[in-house]
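Encoded as structure tokens, the structure appears first; notes follow it.
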Ligand code: GDP
Ligand code: MG
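In my numbering, the protein residues as written are 241 to 685.
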């Protein structure tokens, strides 16, 4: 994986969201900071990072997840989209007869990339030829010939000729029938006027459909101004970033190029001629973030605990209030204590208390309880203490049950309440639950 370090830190950040019991402002703030740090370490421009994380934060805090999507998934989707956004667009070489010029400074990977592109385009059944227009480096012609041999591509060049334009004209004549002509050019140590003069002249003569600027990704953000300079000189059609394999600054290079609006077409990921990847921002970011892994993490988290519901129930319990209505809602939601039991499972020692026999409700009893509660008034559900014998009689009659059944429900209710009180009275357990719920001590009355 290219950008290993960036990838790892971003994955760690996403895991925090995927594993979070509850996606709230605190976790979003924390994750946004993690992402910020990760991008800056990969040399992405500070302003770009700040701008992007602001949008990220705003979206994560205000946008509602679409139906069927959990808030975890939604936040992760937003992070994915915003990182894709800073990497811009992509383009592919169309597989037709054309000329491709490779431009760039010294040592950026132009000649190697010529071989890589040939290998790639061979797969599409195209006939390819190279023209060696680098007249500045003594061994440039030989290097291209070597690479040509490896990928079985003919090379036109003349190591004694000092005018690149003459080589180009002769080469174009010789390779009239080939599908794709890849023109390798000279570099310089820096953005010198003589280089631009030379490539402008070659560009005019070659009338190339593609003019790729080849840049070494280890230059990081410097890739931005370089792309702009080459674009002004010869209207580049795309960028190929090489050495993404060894570069911690690749994120900086990618985002800086994206800002110039020149599409990144390929990335070089090693010295071998097979080490070329078509650059597609979504696919790239998807791999960078390990979206497949994250997705399964989320699924696991969601199937084991319906945490948000559970927490709502638990928060209410933590406030020390348990009404019959709460109990009713929980009967509705799941069996027995449902969500609350799931919260309890997160806390060692507590779930065993709840699973003791008298806390278990049979399906039959649960149904009966629900019917009984349906015959209660709002006030009674909210304040069960109101239910004295005359009311018990009325409720039993209304629900077609017996006073004994109603008393049993009240007994169950009081037992649950006591169990919860007892639990909340235990400092250690309370702390644990509050930590789980990210509440502070004052919440508990
Ligand atoms: P040019 O001067 O622009 O033609 O650059 P070259 O093609 O001669 O490449 C310069 C050096 O970079 C060579 O040693 C290549 O093997 C190496 N190189 C090119 N592309 C990559 C890449 O994607 N990854 C790595 N690790 N090395 C590369
Ligand atoms: Mg070269």
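Glycine included, every Cβ here is placed at the ideal spot set by N, Cα and C.
Q. Regarding residue 208 and ligand 2, is the C-beta to nearest heavy atom distance less than 7 Å?
A. Residue 208 lies beyond the range of the chain shown here (241 to 685); nothing can be said about it.
Q) What beta strand (DSSP E) runs, 3 residues minimum, are completely inside the stretch 328-390? A) 338-343 and 368-373
Q) If we count the other Cβ atoms within 10 Å of its Cβ and call it buried at 16 or more, is residue 655 buried or exposed? A) exposed
(Q) I'd like to check one pair, residue 275 with residue 258: are the Cβ atoms closer than 8 Å? (A) no
Q) Rounded to the nearest angstrom, how far is the Cβ of residue 455 from that of residue 344, given a contact under 8 Å? A) 6 Å
Q: Give a yes or no on contact between the stretch 463-476 and the stretch 490-504, applying the rule of three or more CB pairs nearer than 8 Å.
A: yes
Q: Identify, in the order they occur along the chain, each residue of the same chain with its Cβ nearer than 7 Å to the Cβ of residue 366, setting aside the five sequence neighbours on each side.
A: 335, 419 and 420
Q. Rounded C-beta distance between residue 339 and residue 423? I'm assuming under 8 Å.
A. 7 Å
Q: Determine the extent of the beta strand (DSSP E) in which residue 456 is found, giving its start and end residues.
A: 450-456
Q) Within the 8 Å Cβ cut-off, does residue 433 reach chain C? A) Included in the structure is just one protein chain, with no chain C present.
**Q.** Buried versus exposed, by CB contacts within 10 Å (16 or more), residue 667
**A.** exposed
Q | Beta-carbon proximity list for residue 486, same chain, < 8 Å, skipping 5 on both sides | A | 458
Q. Between residue 387 and residue 355, which are expected to be in contact by the criterion C-beta below 8 Å, what is the C-beta distance as a whole number of angstroms?
A. 4 Å
Q.
Just to check my reading of the structure: residue 359 and residue 514 have Cβ atoms closer than 8 Å, yes? What is that Cβ distance to the nearest angstrom?
A. 6 Å
**Q.** Stretch-stretch touch, CB-based, cutoff 8 Å, three pairs: the stretch 368-384 with the stretch 523-537
**A.** no
Q: Compute the beta-carbon to beta-carbon distance between residue 450 and residue 477, rounded to the nearest angstrom, for a pair I have assumed lies under 8 Å.
A: 5 Å
**Q.** Spatial distance of residue 590 from residue 661 (CA atoms)
**A.** Note on residue 590: pLDDT 46, under 50, position unreliable in the model; the coordinate value appears next. One C-alpha to the other measures close to 12 Å.
**Q.** Minimum C-alpha distance to residue 447 - residue among 467, 474 and 319
**A.** 474
(Q) Taking 7 Å as the cut-off, is the C-beta of residue 458 nearer than that to any heavy atom in ligand 1? (A) no
Q. Just to confirm, does residue 533 get its C-beta within under 7 Å of one of the non-hydrogen atoms of ligand 2?
A. no
Q) Which runs of the beta strand (DSSP E), 3 residues or longer, sit entirely within the stretch 487-529? A) 504-508 and 516-518
Q: Run the CB neighbour count on residue 315, radius 10 Å, all protein chains shown included, and call it buried at 16 or more, exposed below.
A: buried
Q. Residue 464 lies in the alpha helix (DSSP H); which residues open and close that run?
A. 463-474
Q.
If you reduce the DSSP assignment to three classes, tell me which class residue 308 lands in.
A. coil
(Q) When you compare the stretch 503-510 with the stretch 322-330, are there three or more beta-carbon pairs, one atom per stretch, that lie closer than 8 Å? (A) yes
Q: Under 8 Å by Cβ, that's how I've got residue 312 and residue 538 pegged, so tell me the actual separation to the nearest angstrom.
A: 5 Å
(Q) Our contact map puts residue 402 next to residue 375 with C-beta atoms below 8 Å; I'd like the distance itself, whole angstroms only. (A) 5 Å
Q | residue 397 vs residue 405 beta-carbon contact at 8 Å | A | no
Q. Alpha carbon to alpha carbon, what distance is there between residue 524 and residue 617?
A. 59 Å
Q: Identify, in the order they occur along the chain, each residue of the same chain with its Cβ nearer than 8 Å to the Cβ of residue 430, setting aside the five sequence neighbours on each side.
A: 345
Q. So, is residue 264 buried or exposed, given that buried needs 16 or more other C-beta atoms within 10 angstroms?
A. exposed
(Q) Per DSSP, what are the beta-bridge partners of residue 482 in this structure? (A) 456
**Q.** Which listed residue (279, 399, 522 and 442) has its alpha carbon closest to that of residue 324
**A.** 522
(Q) Less than 6 Å between C-beta atoms, sequence neighbours within five positions excluded: which residues of the same chain meet that for residue 292? (A) 322 and 326
Q: Give the straight-line distance between the Cα atoms of residue 633 and residue 671, rounded to the nearest whole angstrom.
A: 42 Å
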